[in-house]
Amino acid sequence: MLPVMERFHSLQGEGAHCGRSAFFIRLAYCKVGCPWCDTKKSWSAELHPKENIIQLSLDAVKAQADGAGFVVLTGGEPLHHNLTPLCKAIRKYTTIDGINPMPIHLETSGVDQITGSPDWITLSPKRHAPPRLEALKLCQELKVIVHEEEDLMFAEDMADKTQKSLLKETLLFLQPGWNNKKGHQLAIQYVRHNPKWRLSMQTHKLLGVQ
Ligand code: SF4
């Protein structure tokens, strides 16, 4: 059983998989405490019902039949929970006729140990609560939110700590804080002059979709 704020089938609005059909499970509970958080309702686990991981997996199966290409575990901070049982259940129920299960994407701040062996990790580290080194080494995508100049220095520091090899290159994104004019200007200018970085926008908010 896990506390769930919401689950829905929509398009991924941000980052490397932007525009793709996905099934989102937003787990409740976060103690990271970002002042600009846009999902503060997710902070308390008590405010949200505990749900059975098998039911969540069956909902993923329905979304799969309706075209969702992967499952996104988000929050809140999903890694405040042990994700192994949920990921095992999703893999079991979304494997149909021996065909590969739905890939599982994890969106995390990286403050806790990684569980569940996700297929894709989007690490969104926070300056006031830096991530574990393990998360920096394992993530496929680093996404740093930009509000002020210090965020760009933090982004470079985080990028330096990601794994760089011929087999794995972490994709680097700067994402302006929502409705933050200074963050937009800083991120756009920085990406213009630093081609290893890409710009990520919250396109679901621009389009007014969930
Ligand atoms: S880690 Fe995410 S959910 Fe938690 S406070 Fe920060 S932005 Fe909000």
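For the sequence shown, the numbering used here assigns the number 1 to the initial residue and increments by one for each residue that follows.
Beta carbons are placed, not taken as given, at the ideal position from N, Cα and C, and that holds for glycine.
Secondary structure at residue i, three-state DSSP: helix, strand or coil?
i      : result
Thr84  : helix
Pro103 : coil
Lys164 : strand
His204 : helix
Met153 : helix
Ile90  : helix
Do residue i and residue j have their C-beta atoms within less than 9 angstroms of each other?
i      : j      : result
His80  : Tyr29  : yes
Arg127 : Gln113 : no
Leu123 : Met153 : no
Thr108 : Ile99  : no
Gln175 : Lys143 : yes
Ala60  : Thr94  : yes
His48  : Pro3   : yes
His9   : Asp66  : yes
Met102 : Gln64  : yes
Can you tell me the Cβ-Cβ gap for residue i and residue j, rounded? I've got them flagged as a contact below 8 angstroms.
i      : j      : result
Ala129 : Val111 : 5 angstroms
Leu171 : Arg198 : 7 angstroms
Met5   : Glu51  : Met5 to Glu51, Cβ: 10 angstroms. No contact.
- Message: Could you check whether the stretch 8-28 touches the stretch 64-78, counting it as contact only if at least three pairs of C-beta atoms, one from each stretch, sit closer than 8 angstroms?
- Response: yes
- Task: Report yes or no: do the stretch 163-170 and the stretch 135-151 share at least 3 C-beta pairs separated by less than 8 angstroms?
- Result: yes
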